[in-house]
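Asks:
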Amino acid sequence: MKEPSSEGLLPDEALVDRARKGDPGAMDELVKRHHASAFRVALGILRDEDGAADAAQDAFLKAFRGLSGFRGDASFRTWLLTIVANEARGMLRKVGRRKETGLEVAGPIASGQETVEDSLENAEEAERVKILLGELPEKQRLAVTLRVFEGLSFKEVGALIGSSEGAARVNYHHGIRRLREMVS
Amino acid sequence: MSGQGCDGIRDLLPEWALGALDSEAGAKVKEHLTSCGDCGMEMRLLQALLASRPEPPLGLEDRIRARVTEEMEGARRVEASGRGAGVIPLVRRSRWAPAWALSAAAVVVLSLGIGVIWNGETVPEIGEEAIQVAVDEPLPEAWLWDDGLVAGAPVFDGLTDEQLEALIQELEG
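Residue numbers (our numbering), protein chains in the order written: chain A, 237 to 420; chain B, 2 to 174.
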């Protein structure tokens with residue numbers, strides 16, 4: 237079993253500095269910290285586990301190759317996830333099965349007064365929510381998953397889905413409302 | 002019923018669900034949730050979503066690490082072979098030769114081609130076997146970095162600046 241390394245205590249910024257100098261331990265730690273998020277972001281776009289794993293891997297390679305171009309305007313995580321999203325969209329374009337539905341064609345939004353079933357907490361309900369999540373338009377689905385699964389800010393979500401911070405907020409709340417509507 | 006401040010609280014619910022709020026903001030959310038059923042229901046939805054959060058397949062982390070290591074070793078081999086002295090692994094210098102070198106090489110190649118046609122020489126026929134060999138021959142390592150934007154550019158990739166200058170001089174001379 238691998239022993240805990242000093243890299244585990246460092247913030248991403250310090251790891252990025254080390255990785256720029258070719259430190260393999262720093263790269264390993266960055267992979268450890270962010271591979272799950274990378275996978276989920278890719279999965280949110282591709283909806284295919286194998287493809288998402290490939291996209292996550294390719295995105296890490298591109299990110300490490302391009303570290304010299306990383307200026308630190310955003311966090312490494314946001315930057316990486318943006319690369320993941322681009323990679324996943326590129327894969328979608330290649331296979332030609334993109335079916336994006338924008339907010340403008342989304343269905344009517346409920347009043348927000350719906351009730352959520354009491355039994356949502358169990359695994360069966362979680363599975364149901366997962367299926368319903370997949371029925372949301374892409375931008376809403378991504379806004380919800382990036383906020384709820386990854387805890388990204390609306391600004392970060394906007395950067396990833398190619399919209400403004402305000403539009404990311406609207407997509408998130410519309411997505412949540414639609415989910416509440418569907419589970420009630 | 003939705004009380005005043007629900008919008009602000011709902012913006013914070015994902016961080017609250019992930020345990021990422023500081024204690025002060027967390028206390029505000031907690032207090033609000035005890036008195037607002039609507040936000041409470043939204044919170045339960047977020048918890049159900051979190052319970053459905055997909056995890057990466059087993060071995061993905063190791064797979065990515067292995068691939069990164071592979072690339073680093075490849076970069077080191079290039080460096081050790083003297084083709085990329087000073088290259089930091091995975092942080093490559095431009096893989097393309099300078100624009101002037103490519104332009105000069107293109108002019109030379111074009112001139113040679115025109116010269117062949119001008120002299121009335123026929124271009125030697127390339128047999129099927131030779132084509133097959135060329136196709137089967139592995140591309141230079143540098144091709145792995147190629148985005149396919151400039152066909153043929155990797156041919157120059159392995160050359161140092163000095164070698165490239167020598168080549169240009171040789172072609173021009």
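Idealized CB from N, CA, C, for every residue including glycine.
Alpha carbon to alpha carbon, how far is G75 of chain B from F312 of chain A?
Replies: As a first step, residue 75 of chain B must be located in the second sequence, where it is residue number 74. As a first step, residue 312 of chain A must be located in the first sequence, where it is residue number 76. Whole-angstrom Cα-Cα distance: 24 Å.
Asks: Can you tell me the Cα-Cα spacing of V393 of chain A and I169 of chain B, whole angstroms?
Replies: What you label residue 393 of chain A is simply residue 157 of the first sequence in a count that begins at 1. What you label residue 169 of chain B is simply residue 168 of the second sequence in a count that begins at 1. Whole-angstrom Cα-Cα distance: 50 Å.
Asks: What did DSSP end up calling D294 of chain A once you bin it into helix, strand or coil?
Replies: The count along the first sequence starts at 1 and reaches residue 294 of chain A at position 58. Looking at D294 of chain A - three-state DSSP - the assignment turns out to be helix.
Asks: Using a Cβ-Cβ cut-off of 6 Å (strictly less than) and excluding sequence neighbours within five positions of L266 of chain A, which residues of its own chain qualify?
Replies: If you number the first sequence from 1, residue 266 of chain A lands on position 30. L251, listed in sequence order.
Asks: Counting along the chain, where does the alpha helix (DSSP H) carrying G41 of chain B start and finish?
Replies: By 1-based counting over the second sequence, the position of residue 41 of chain B is 40. 38-52 is the span of the alpha helix (DSSP H), which, as asked, contains G41 of chain B.
Asks: Classify R78 of chain B: buried if its beta carbon has 16 or more other beta carbons within 10 angstroms, exposed otherwise.
Replies: In the second sequence, the residue the question calls residue 78 of chain B occupies position 77. Result: exposed.
Asks: Can you name the residues of chain A whose CB is closer than 8 Å to the CB of L13 of chain B?
Replies: Numbered from its first residue, the second sequence carries residue 13 of chain B at position 12. Within 8 Å Cβ-Cβ: nothing; L13 of chain B doesn't reach chain A, min ~11 Å.
Asks: Which residues, in order along the region 63-78 of chain B, keep a beta-carbon less than 7 Å from a beta-carbon of chain A?
Replies: For the region 63-78 of chain B, which is checked against every Cβ of chain A, the residues closer than 7 Å are R64, I65, R66, R68, V69, T70, E72, M73.
Asks: Does the beta carbon of A49 of chain B come closer than 7 Å to any beta carbon on chain A?
Replies: Indexing the second sequence from 1 puts residue 49 of chain B at position 48. Interface residue, yes.
Asks: Can you list, in chain order, the residues of its chain whose CB lies under 7 Å from that of L47 of chain B, leaving out five sequence neighbours each side?
Replies: Along the second sequence, one-based indexing puts residue 47 of chain B at 46. Here the set comprises L14, P15, A18.
Asks: Would you grab the beta carbon distance between L282 of chain A and A324 of chain A for me? Rounded to a whole angstrom, and I think it's under 8 Å.
Replies: Sequence index remark: in the first sequence, residue 282 of chain A carries index 46 (1-based). Sequence index remark: in the first sequence, residue 324 of chain A carries index 88 (1-based). Indeed, because the Cβ distance is near 5 Å, the residues count as touching under 8 Å.
Asks: What does E16 of chain B reach in chain A if we use C-beta pairs closer than 8 Å?
Replies: Position 15 of the second sequence, counting from 1, holds the residue named residue 16 of chain B. Correct list: G387.
Asks: Mind checking the region 295-324 of chain A against chain B and listing, in chain order, the residues whose C-beta falls within less than 7 Å of any C-beta there?
Replies: Listed by position, the residues of the region 295-324 of chain A near chain B (Cβ gap below 7 Å) are F296, L297, F300, R301, L303, S304.
Asks: Which first and last residues belong to the alpha helix (DSSP H) in which G411 of chain A is found?
Replies: Start at 1 with the first residue of the first sequence, and residue 411 of chain A comes out as number 175. Run containing G411 of chain A: 401-419, per the alpha helix (DSSP H) assignment.
Asks: If I'm right that L316 of chain A touches A295 of chain A with Cβ under 8 Å, what's the distance once you round it to whole angstroms?
Replies: Walking along the first sequence from the start, residue 316 of chain A turns up at place 80. Walking along the first sequence from the start, residue 295 of chain A turns up at place 59. Yes, they are in contact, since the Cβ atoms of L316 of chain A and A295 of chain A sit about 7 Å apart, within 8 Å.
Asks: Is there a Cβ of chain A sitting closer than 7 Å to that of A21 of chain B, yes or no?
Replies: Numbered from 1 along the second sequence, position 20 holds the residue referred to as residue 21 of chain B. Cβ-Cβ to chain A under 7 Å: yes for A21 of chain B.
Asks: If I follow the unbroken alpha helix (DSSP H) through S273 of chain A, where does it start and stop?
Replies: Counted from its first residue, the first sequence places residue 273 of chain A at position 37. Counting along the chain, the alpha helix (DSSP H) containing S273 of chain A begins and ends at 260-282.
Asks: Is A28 of chain B buried or exposed, if buried means 16 or more other CB atoms sit within 10 Å of its CB?
Replies: Within the second sequence, the letter at position 27 stands for residue 28 of chain B. Exposed, since its Cβ has fewer than 16 Cβ neighbours within 10 Å.
Asks: Which residues in the same chain have their Cβ closer than 8 Å to the Cβ of E285 of chain A, if we skip the five residues on either side of it in sequence?
Replies: Counted from its first residue, the first sequence places residue 285 of chain A at position 49. The answer, listed in chain order, is L279.
Asks: In chain order, what residues of the region 260-277 of chain A put their CB closer than 7 Å to some CB of chain B?
Replies: For the region 260-277 of chain A, which is checked against every Cβ of chain B, the residues closer than 7 Å are P260, M263, D264, V267, K268, H271, A272, F275, R276.
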